[in-house]
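One structure below.
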Amino acid sequence: MPAPEKIFDETFLTMRSKLIDIAAALDRIDHAAEGGEIDDPRRDRIDEAIRILLDDAQPAERAKRLQHLFSRPYDAQWRKVLGI
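Letter 78 of the sequence shown, counting from 1, is numbered 78 in the numbering used here, and no numbers are missing.
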């Protein structure tokens, strides 16, 4: 397994770029809302995702928690629901 410092060095610029992209998108949305909030449950999920990223209590579980946050709940009838 590579050392954490090596992984960080290899991924830093990509992570930095993605974080700046997210911040810029949120800034555009907030500027367009002129100080108001948008009523969209997806924005609530984005805000929750940011909280998950900042949660030091479960650092090894961030990706799993984000995946669950943005996934549909499992439905045993998914084939029928999706017409497959």
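Ideal placement from N, C-alpha and C gives every residue a C-beta, glycine not left out.
Nonlocal neighbours in the same chain, by C-beta distance under 6 Å from R65, ignoring five residues either side: Residue numbering aside, residue 65 sits at position 65 when the sequence shown is read from its first letter. Excluding positions up to five away in sequence, the list reads I52.
Spatial distance of P2 from R62 (CA atoms): In the sequence shown, residue 2 corresponds to position 2, counting from 1. In the sequence shown, residue 62 corresponds to position 62, counting from 1. Taking the straight line joining both Cα atoms gives about 20 Å.
Cβ-Cβ separation, L69 to E48 (assumed contact under 8 Å), whole Å: Locating residue 48 in the sequence shown gives position 48, where the first residue counts as 1. Locating residue 69 in the sequence shown gives position 69, where the first residue counts as 1. About 6 Å; that satisfies the 8 Å criterion.
Cβ-based neighbour list, I29, same chain, cut-off 8 Å, excluding 5 preceding and 5 following: Sequence index remark: in the sequence shown, residue 29 carries index 29 (1-based). Counting only Cβ-Cβ distances below 8 Å, and skipping sequence neighbours, we find I38, R43.
N- and C-terminal bounds of the alpha helix (DSSP H) containing S17: For this step, residue 17 is matched to residue 17 along the sequence shown. That run of the alpha helix (DSSP H) goes 4-32.
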